[in-house]
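Mapped onto my numbering, the consecutive letters of the sequence shown carry residue numbers 61 to 250.
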Amino acid sequence: MNTAAIQIFKNNLTWKILAYFLAHPSVEVYVKELARRLKVGPTNANNALRTLEEMALLQRQGKARAHFYSLNNDSVIVKHLKIAYFLARLEHAKLIDRFLEVDEDLISLCIYGSFADGRFDEKSDLDLIIISHKEKLAFNSALSELERALNLEINIEVFSLLKWKRVKEQDKGFYQEVMASHVLLYGSQI
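See the structure below:
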């Protein structure tokens, strides 16, 4: 996959509008404001918003004389679209490449938590697990670059294979949380 994957969310107006809401999952916005933000005509924006509402991807609420739209975060489809959109952002930011520059023998790299299961919002931080022979400190530079590129806080947990096996036995709650919702980005299944 190349860095153009993120472009699928920007190619036509409906996708562009949906991408805006996927990137801002808790925002409520009215038609003219959205049209200004995305530099599109309000009539076209309104038509696309109505289409997305009919598909149950967006919700509409009337306030005063304006219609406010927001992402339907309760929709299973929306949760999966949020995951796909975020994975495209990770690809665009070259997340895997940046970590492979640190450790070309990287065993596994995965996300877990709200970004892995589609529950994230603008305040969420990204949780990563790295299985590597390197120490956590070795990844700090790549981590800082990614935080800037993605404009979000990233938490990483780095384990050797042996330490990860110990987590499975000694911290079953954490292990089960990760296993229930992780997305493998690179390497062997954890």
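Backbone N, C-alpha and C define an ideal beta-carbon position, used for all residues, glycine too. Values in this document were obtained by computation on a predicted structure and should not be read as measured data.
In the three-state reduction of the DSSP assignment, Ala176 falls in the helix class. Residue pairing of Ser168 in beta bridges, as defined by DSSP: Ile191 and Gly247. Secondary structure at Lys154: coil, using DSSP grouped into helix, strand and coil. For Leu212, the closest of Lys183, Glu113, Ser174 and Leu141 by C-alpha to C-alpha distance is Lys183. Short of 8 Å from the beta carbon of Ser241, and not among the five residues preceding or following it, lie these beta carbons of its own chain, in chain order: Tyr172, Gly173, Ala176 and Asp177.
DSSP places Asn107 in the uninterrupted alpha helix (DSSP H) bounded by Pro102 to Glu114.
By DSSP's assignment, Gly122 forms a beta bridge with His127. Nearest in C-alpha terms to His127, of all of Met115, Lys99 and Val91, is Val91.
Looking at the backbone, the Cα of Glu113 and that of Phe146 are separated by about 21 Å.
Cβ-Cβ distances below 8 Å link Glu205 to Arg158 in the same chain, with the five nearest sequence neighbours on each side left out; the list follows chain order.
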